[in-house]
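This report refers to the structure that appears directly beneath it.
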Amino acid sequence: MSFHYSGDELPLMAQAVHWKSYIAKLVRPYMGSSVLEVGAGIGNNIPFMFRSPVSQWTALEPDATQAAQITGAGVRVVVGTLTTIDATERFDTI
């Protein structure tokens, strides 16, 4: 079954760089080295959050069209839902 996201705010939210920087500053101190981002959208948060100590980033997005827009060195993009992720995988931060 394929999923299509019906919202249209993600490109607009990509422009909210000051807000994203602020949120990232609050969250990054609590992030571990391996991250699973559930509902990654088009990857707007990755450039702000994927910094030390993070060394592995998995972007999970059920909408294949949205997932195809996610870019970034070291980012693993998975199209699907939590059931798509192997149950043996472990993440420090979700």
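The letter at position 92 of the sequence shown is residue 92 when you use the numbering used here, and the numbering goes up by one with no holes.
Don't be surprised by glycine CBs; every beta carbon is placed ideally from N, CA and C.
6 Å CB neighbourhood of residue i in its chain, flanking five on each side removed
i: Phe3; result: Pro62, Asp63
i: Pro29; result: none
i: Val79; result: Ala64, Ala67
Inter-residue spacing [alpha-carbon to alpha-carbon] between residue i and residue j
i: Leu60; j: Arg76; result: 8 Å
i: Ala14; j: Asn44; result: 5 Å
i: Leu12; j: Thr88; result: 36 Å
i: Ile42; j: Thr84; result: 18 Å
i: Thr93; j: Val38; result: 11 Å
i: Leu26; j: Tyr5; result: 28 Å
Inter-residue CB distance, residue i and residue j (contact presumed, cutoff 8 Å)
i: Leu10; j: Phe91; result: Not quite, the Cβ-Cβ distance comes to about 23 Å (not below 8 Å), so this is no contact.
i: Ser33; j: Gln56; result: 6 Å
i: Ala73; j: Phe48; result: Actually they do not touch by this definition, with Cβ atoms about 15 Å apart.
i: Met31; j: Val54; result: 6 Å
Identity of the residue in the options nearest residue i by Cα
i: Leu82; options: Thr58, Ala68, Gln69, Gly74; result: Thr58
i: Phe50; options: Thr71, Gln66, Gly7; result: Thr71
Residues sharing a beta bridge with residue i, DSSP
i: Leu60; result: Val38, Val78
i: Thr65; result: Partner(s): none; Thr65 has no beta bridge.
Cβ shell of residue i (< 7 Å), same chain only, five flanking positions each side left out
i: Trp19; result: none
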